[in-house]
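Below is one structure, written out as structure tokens; the observations come after it.
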Amino acid sequence: MPTILTIFGLRFFFYADEHLPIHIHLENADGLAKIELEPSIKLIENKGIKPRDIKRAITIVEHYREEFIEQWKKFHDE
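As numbered in this note's numbering, residues 104 to 181 make up the sequence shown, in order.
Written as structure tokens, this is what we have:
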């Protein structure tokens, strides 16, 4: 479960056995969420993370999207 980025109390990571579409998981003290990266950025699951933290996470994903995709593909040999 590689951690790609930890910032503002949010940890962005993916699991070793991931599947398409490309997405990133995130967690903080309140819960877990999953954000799709392709074809577009979209929240697809939230279990307990507060709306303001989701908004912050989306902003972070917008900034780091290409890096997250690159790391996902590299790890999964795509």
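Backbone N, C-alpha and C define an ideal beta-carbon position, used for all residues, glycine too. The model shown is predicted, which means the values in this text are computed figures rather than measured ones.
**Request:** In angstroms with no decimal places, state the Cα-to-Cα distance between residue 173 and residue 167.
**Result:** Sequence index remark: in the sequence shown, residue 173 carries index 70 (1-based). Sequence index remark: in the sequence shown, residue 167 carries index 64 (1-based). Approximately 10 Å, taken between the alpha carbons.
**Element boundaries [beta strand (DSSP E), containing residue 150]** = Here the question's residue 150 lines up with position 47 in the sequence shown. 145-150 is the extent of the beta strand (DSSP E) around residue 150.
**Helix, strand or coil at residue 116 [DSSP, three-state]** = Locating residue 116 in the sequence shown gives position 13, where the first residue counts as 1. DSSP, reduced to helix, strand and coil, places residue 116 within a strand of the structure shown.
**Asked** In terms of alpha-carbon separation, which member of 136, 142, 176 lies closest to residue 158?
**Response** Start at 1 with the first residue of the sequence shown, and residue 158 comes out as number 55. The candidate whose alpha carbon is nearest that of residue 158 is 136.
**Asked** Who are the near neighbours of residue 108 in its chain, counting only those whose CB is closer than 7 Å to its CB and skipping five residues on each side?
**Response** Residue mapping note: residue 108 aligns to position 5 of the sequence shown, counting from 1. Correct list, in chain order: 115, 167.
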